[in-house]
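2 protein chains.
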Amino acid sequence: MKYKREDLVNLLPYKPAKVKEVIRLHANESPYDLPQALKDSIFERVRGENFNYYYDPNCDELREALSEYLGIGPEKIFVGSGGDEIIYDIVLAFAGPGREVIIPVPSFPSYEIFSVISGAKVICVPLLLEEDSIHCSWKLDVSKIKSHFKKDVSQVMFICNPNNPTGDYFRDLDILELIEDFNGVVAIDEAYFEFGGKTFIKMISQFPNLVIIRTFSKVFSLAGLRIGYAVADENLIEELYKVKPPYNVNLFSQIAAVEILKHMDWVKEVKEKIINAREELKNKLKELPGITVYPSSTNFLLCKFKVPRDLVYKKLLEKGILVRKPEGKEVENMLRFSVGTPEQNEFLLKSLEEILKESMKL
Amino acid sequence: MKYKREDLVNLLPYKPAKVKEVIRLHANESPYDLPQALKDSIFERVRGENFNYYYDPNCDELREALSEYLGIGPEKIFVGSGGDEIIYDIVLAFAGPGREVIIPVPSFPSYEIFSVISGAKVICVPLLLEEDSIHCSWKLDVSKIKSHFKKDVSQVMFICNPNNPTGDYFRDLDILELIEDFNGVVAIDEAYFEFGGKTFIKMISQFPNLVIIRTFSKVFSLAGLRIGYAVADENLIEELYKVKPPYNVNLFSQIAAVEILKHMDWVKEVKEKIINAREELKNKLKELPGITVYPSSTNFLLCKFKVPRDLVYKKLLEKGILVRKPEGKEVENMLRFSVGTPEQNEFLLKSLEEILKESMKL
Numbered sequence: 001m002k003y004k005r006e007d008l009v010n011l012l013p014y015k016p017a018k019v020k021e022v023i024r025l026h027a028n029e030s031p032y033d034l035p036q037a038l039k040d041s042i043f044e045r046v047r048g049e050n051f052n053y054y055y056d057p058n059c060d061e062l063r064e065a066l067s068e069y070l071g072i073g074p075e076k077i078f079v080g081s082g083g084d085e086i087i088y089d090i091v092l093a094f095a096g097p098g099r100e101v102i103i104p105v106p107s108f109p110s111y112e113i114f115s116v117i118s119g120a121k122v123i124c125v126p127l128l129l130e131e132d133s134i135h136c137s138w139k140l141d142v143s144k145i146k147s148h149f150k151k152d153v154s155q156v157m158f159i160c161n162p163n164n165p166t167g168d169y170f171r172d173l174d175i176l177e178l179i180e181d182f183n184g185v186v187a188i189d190e191a192y193f194e195f196g197g198k199t200f201i202k203m204i205s206q207f208p209n210l211v212i213i214r215t216f217s218k219v220f221s222l223a224g225l226r227i228g229y230a231v232a233d234e235n236l237i238e239e240l241y242k243v244k245p246p247y248n249v250n251l252f253s254q255i256a257a258v259e260i261l262k263h264m265d266w267v268k269e270v271k272e273k274i275i276n277a278r279e280e281l282k283n284k285l286k287e288l289p290g291i292t293v294y295p296s297s298t299n300f301l302l303c304k305f306k307v308p309r310d311l312v313y314k315k316l317l318e319k320g321i322l323v324r325k326p327e328g329k330e331v332e333n334m335l336r337f338s339v340g341t342p343e344q345n346e347f348l349l350k351s352l353e354e355i356l357k358e359s360m361k362l
Numbered sequence: 001m002k003y004k005r006e007d008l009v010n011l012l013p014y015k016p017a018k019v020k021e022v023i024r025l026h027a028n029e030s031p032y033d034l035p036q037a038l039k040d041s042i043f044e045r046v047r048g049e050n051f052n053y054y055y056d057p058n059c060d061e062l063r064e065a066l067s068e069y070l071g072i073g074p075e076k077i078f079v080g081s082g083g084d085e086i087i088y089d090i091v092l093a094f095a096g097p098g099r100e101v102i103i104p105v106p107s108f109p110s111y112e113i114f115s116v117i118s119g120a121k122v123i124c125v126p127l128l129l130e131e132d133s134i135h136c137s138w139k140l141d142v143s144k145i146k147s148h149f150k151k152d153v154s155q156v157m158f159i160c161n162p163n164n165p166t167g168d169y170f171r172d173l174d175i176l177e178l179i180e181d182f183n184g185v186v187a188i189d190e191a192y193f194e195f196g197g198k199t200f201i202k203m204i205s206q207f208p209n210l211v212i213i214r215t216f217s218k219v220f221s222l223a224g225l226r227i228g229y230a231v232a233d234e235n236l237i238e239e240l241y242k243v244k245p246p247y248n249v250n251l252f253s254q255i256a257a258v259e260i261l262k263h264m265d266w267v268k269e270v271k272e273k274i275i276n277a278r279e280e281l282k283n284k285l286k287e288l289p290g291i292t293v294y295p296s297s298t299n300f301l302l303c304k305f306k307v308p309r310d311l312v313y314k315k316l317l318e319k320g321i322l323v324r325k326p327e328g329k330e331v332e333n334m335l336r337f338s339v340g341t342p343e344q345n346e347f348l349l350k351s352l353e354e355i356l357k358e359s360m361k362l
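Chain order of the listed sequences is Y and V.
So the first sequence is numbered by UniProt numbering: it starts at 1 and just counts up by one.
So the second sequence is numbered by UniProt numbering: it starts at 1 and just counts up by one.
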């Protein structure tokens with residue numbers, strides 16, 4: 001087809017796995033659905049809204065609620081249709097043709113895909129893995145990243161913190177050094193913030209080029225509704241409004257997000273259950289043969305295997321468990337497991353134990 | 001802010017009017033909200049879904065339902081978050097840096113805005129207005145448009161048919177001539193299809209470069225939920241998947257669209273009420289002094305005034321009626337009125353009569 005974009009010919013769309021009737025440990029979702037009473041309170045409010053009218057283009061009520069949750073003025077908050085839209089809007093507003101996007105990798109694939117689509121040049125800088133018999137950690141290659149900083153080219157940098165798929169925070173000082181030395185927009189993706197509690201959000205008053213990305217798809221358990229937000233200086237936010245589709249967030253999702261922010265007790269409970277389950281899963285995974293488990297401040301765990309990961313992946317799928325094979329040569333023989341319910345995790349552990357013991361024997 | 005994109009500095013975002021407590025005749029919405037029973041049936045289904053999981057990334061159930069509605073295979077249908085996302089995806093997939101987008105104007109502003117954001121060069125070609133004492137019609141300037149066709153540059157062309165804001169269909173033969181002679185992707189936006197009934201959708205088998213845009217925001221009365229779709233040859237559809245955010249349509253909207261397609265009797269009733277109201281409104285508007293009413297196959301009417309439109313606009317707003325001032329010098333002294341309920345239209349007529357009679361006296 002001659003009208004295809006030559007620069008997108010080799011672009012593979014991020015293909016979400018499509019499966020039902022399996023244990024979903026592949027997409028870092030919350031394993032807990034909203035209580036029916038909370039769903040009903042959302043329906044009750046939505047019932048009184050006009051489906052036939054375009055809903056609030058600026059998500060005012062939700063931004064007010066978020067302002068209270070964050071302790072940051074609503075004018076510094078921008079809402080999008082999932083973290084994905086926020087990333088897209090950042091790329092479209094600040095990257096684009098003739099510009100560059102720096103991404104420490106491995107990380108969330110959408111940064112790179114959306115950047116390529118915008119027409120920007122993508123620079124991937126591999127993370128450093130420091131590993132000894134007791135500790136291991138993924139570090140930003142600060143000097144390598146800085147070697148790509150340019151004064152005469154507009155650049156954007158994405159830092160996922162804590163990072164997906166590696167699972168833990170980067171060193172604060174490394175991030176700070178990068179922000180301070182960078183001329184372009186720095187996007188820190190804090191999708192997993194609530195599971196670790198550390199944030200750069202207060203830094204937006206100091207750095208007008210800093211934008212924080214957050215989502216309702218993880219601890220807030222609203223992945224199906226697509227709500228994300230950005231927090232930044234007003235001047236930066238203004239540019240995001242330029243590129244967003246006018247009515248980007250549908251009425252149901254706006255109202256659901258407002259309602260769930262009134263039920264932070266439930267969200268906190270979900271958070272604590274997931275963190276406890278993660279720690280337990282981590283400790284038990286470590287006892288399995290031929291596996292390295294990386295530290296995590298998220299709702300998932302990255303693990304390296306001695307046996308081929310494709311084998312483990314396939315055998316898990318046969319048992320009805322879907323996990324994620326992260327992309328990139330840095331994570332070549334690793335799998336990523338989302339933290340499920342205690343029962344799901346127990347089943348994962350039991351299945352892994354069988355698979356690993358059997359494979360090691362071969 | 002130095003990291004702003006220079007090519008977007010002068011880009012004004014499409015600013016949706018934000019108003020409550022007024023009669024909304026500015027956004028071509030359906031004036032009819034879904035019956036509560038229909039809303040409840042949607043809630044009932046949504047209630048059983050997991051909000052915490054990402055929902056179907058490919059909208060399979062909805063594409064199946066649309067396939068039945070359209071009589072076209074589901075593999076030729078692509079669903080997006082409103083017509084807006086469809087337009088954005090078309091532009092990102094086929095326009096972009098170094099490419100061109102041809103737009104007959106005046107038309108729906110998003111074509112131009114999204115094209116500029118993609119980095120493409122936009123070529124606007126004014127419509128021709130043929131007007132005498134009895135008839136008037138807006139025509140595509142076929143030869144002028146064709147003079148911009150290039151063999152060595154990849155191009156996209158948008159044709160809104162029936163056109164917003166002018167209101168009526170272009171000549172079939174003009175559109176056909178353009179499609180046949182064009183090397184790039186032709187997007188025909190049929191957002192208002194159901195109010196006129198004429199479509200190019202069957203032509204997709206003949207033209208692999210033709211994509212039809214449709215929406216649930218007009219006669220289907222789901223503007224608040226953001227659902228649009230594209231229909232085209234599979235090869236073209238494949239490119240749209242490359243640029244869409246992975247989980248672009250939220251679960252509530254997917255289910256609502258599926259449910260409303262089961263209630264086509266209600267949709268048909270809405271359509272007939274709006275068409276009848278439009279004809280009545282048109283005939284009564286024509287009786288007012290100092291006004292020209294253009295033909296319409298949509299749910300809105302474009303009108304030219306002898307008195308300054310800003311005055312009419314302001315006075316209508318004072319009476320609680322919000323209408324649209326379309327952009328572009330071709331429609332300089334015109335206003336666009338969405339067709340409301342019979343009561344709303346009656347109030348619009350009465351208000352306009354007062355305003356026009358008073359202004360003509362001055």
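Cβ atoms here follow ideal geometry from the backbone N, Cα and C, with glycine treated the same way.
Nearest residue (CA-CA) to residue i, options the options
| i | options | result |
| --- | --- | --- |
| ILE188/Y | LEU302/Y, SER351/Y, GLY328/Y and PHE108/Y | PHE108/Y |
| residue 421/V | VAL331/V, LYS306/V and LYS273/V | This structure cannot settle anything about residue 421/V, because the visible part of chain V is limited to 1 through 362. |
| GLY290/V | TRP266/V, GLY82/V, ASN333/V and LEU222/V | ASN333/V |
| GLU194/Y | THR166/Y, VAL270/Y, LYS325/Y and ILE321/Y | VAL270/Y |
| GLU318/Y | GLY328/Y, SER351/Y, LYS304/Y and TYR229/Y | SER351/Y |
| ASP265/Y | ARG24/Y, ASN28/Y, PRO35/Y and GLU29/Y | PRO35/Y |
| THR215/V | GLU29/Y, GLY48/Y, LEU38/Y and ASN52/Y | ASN52/Y |
| GLU353/V | THR199/V, PRO295/V, TYR313/V and LEU285/V | LEU285/V |
| GLU75/V | ASN58/V, TYR294/V, SER154/V and PRO295/V | ASN58/V |
| ASP152/Y | LYS144/Y, ASN183/Y and SER137/Y | ASN183/Y |
| TYR55/V | ARG226/Y, CYS303/Y, TYR55/Y and LEU311/Y | ARG226/Y |
| SER338/V | LEU12/V, VAL185/V, LEU11/V and PRO31/V | PRO31/V |
| GLY71/V | ASN299/V, VAL331/V, PRO326/V and MET203/V | MET203/V |
| PRO125/V | ILE145/V, VAL116/V and TRP138/V | The identity of residue 125/V in the sequence shown is Val, whereas the question assumes Pro. Nearest option by C-alpha distance: ILE145/V. |
| CYS160/Y | ILE103/Y, VAL142/Y, SER143/Y and GLU177/Y | ILE103/Y |
Inter-residue CB distance, residue i and residue j (contact presumed, cutoff 8 Å)
| i | j | result |
| --- | --- | --- |
| VAL79/Y | ILE255/Y | Not confirmed; about 12 Å, so no contact. |
| ILE212/Y | ALA191/Y | Not quite, the Cβ-Cβ distance comes to about 10 Å (not below 8 Å), so this is no contact. |
| GLY119/Y | GLY96/V | 6 Å |
| residue 413/V | GLY83/V | In this structure chain V extends from 1 to 362, so residue 413/V is not present and cannot be described. |
| GLU239/V | PHE94/V | 7 Å |
Residue i: CB within 7 Å of a non-hydrogen atom of the ligand SAM
| i | result |
| --- | --- |
| LYS361/Y | This structure lacks the ligand SAM; in fact it carries no ligand of any kind. |
Proximity test, Cβ basis, 8 Å: residue i and chain Y
| i | result |
| --- | --- |
| residue 363/V | Residue numbering for chain V in the displayed model covers 1 to 362; residue 363/V lies beyond these limits and cannot be assessed. |
| SER115/V | no |
| PRO97/V | yes |
| SER205/V | no |
| SER41/V | no |
| GLU343/V | no |
| GLU287/V | no |
| LEU352/V | no |
| ARG5/V | yes |
Test: residue i CB closer than 8 Å to a CB of chain V
| i | result |
| --- | --- |
| LEU311/Y | no |
| PRO106/Y | no |
| PRO13/Y | yes |
| ALA65/Y | no |
| ASP168/Y | no |
| GLY71/Y | no |
| GLU61/Y | no |
| PHE337/Y | no |
| VAL185/Y | yes |
| VAL219/Y | no |
Per DSSP, the bridge partner or partners of residue i
| i | result |
| --- | --- |
| ARG324/V | ARG336/V |
| ALA37/V | Paired residue(s): none; ALA37/V is not in a bridge. |
| ALA232/Y | VAL211/Y |
| PHE78/Y | ALA230/Y |
| residue 363/V | Not covered by the structure: residue 363/V. The range shown for chain V is 1 to 362. |
Next on the checklist: Report the start-end ranges of each alpha helix (DSSP H) in the stretch 158-225 of chain Y that is 4 residues or longer and not cut off at the edges.
Outcome noted: 172-181
Checklist entry - In chain order, which continuous runs of the alpha helix (DSSP H) of length 4 or greater are located wholly inside the stretch 284-320 of chain V? => result 309-318
Item to check | Ranges of the alpha helix (DSSP H) found wholly within the stretch 91-165 of chain V, counting only runs of at least 4 | outcome: 110-118 and 142-147
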